Amino acid sequence: MTVEDARAAMLDGAGVLGREEVALDDAVGRVLAERVLATRDQPPFDASAMDGWAVRAADLPAPEGLAIVGEATAGRGLPRALGPGEAARISTGAPVPDGADRVVIQEEAERREDRVRIPPADGGNWIRPRGGDFRAGDALLGPG
1 MTVEDARAAM LDGAGVLGRE EVALDDAVGR VLAERVLATR DQPPFDASAM
51 DGWAVRAADL PAPEGLAIVG EATAGRGLPR ALGPGEAARI STGAPVPDGA
101 DRVVIQEEAE RREDRVRIPP ADGGNWIRPR GGDFRAGDAL LGPG
């Protein structure tokens, strides 16, 4: 018997296994039967990639300082929109406040009481855009 004949005989005798739904922890060693699609965007909002200050790019540079109006953390965003001449302290992973379109890393800013001074610098914009990793409906895993 040739290798090709042996392979054909083996495949003819093999049956198709049924599908089974199991918890992820029990899926080790199994084969995925169908595509897994994302159910939401990731990140689900524009998020800060670094600790720093959420600001409006139109207000930069701000050598005289911007008024500090609050703080956005990973578990809680700023409860209001950022206006002209304002800044909010922001943590890595926090939602970027409405009105802000730039995150300046803390190393490029200097806090002075209730104001933050931001000198001219071109250190980049530290915002991870909504859906930057994947969008709702994107295939995350394929069958096989």
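Numbering follows UniProt numbering, in which position 61 of the sequence shown is assigned residue number 61; successive positions increment by one, without gaps. In this text, a Cβ means the ideal position worked out from N, Cα and C, and glycines have one as well. Note that the structure is a prediction, hence the values are computed from the model and not measured.
Item	Value
Please confirm whether residue 147 and G99 have their CB atoms less than 8 Å apart.	Limits of the chain in this structure are 1 at one end and 144 at the other, which puts residue 147 out of reach.
Express the C-alpha separation of A27 and G15 in angstroms, rounding to a whole number.	21 Å
Tell me whether P95 is buried or exposed, calling it buried when 16 or more other Cβ atoms sit within 10 Å of its Cβ.	buried
Counting Cβ pairs closer than 8 Å, one from the segment 28-37 and one from the segment 126-142, do we hit at least three?	yes
Less than 8 Å separating the beta-carbons of Q106 and G52?	yes
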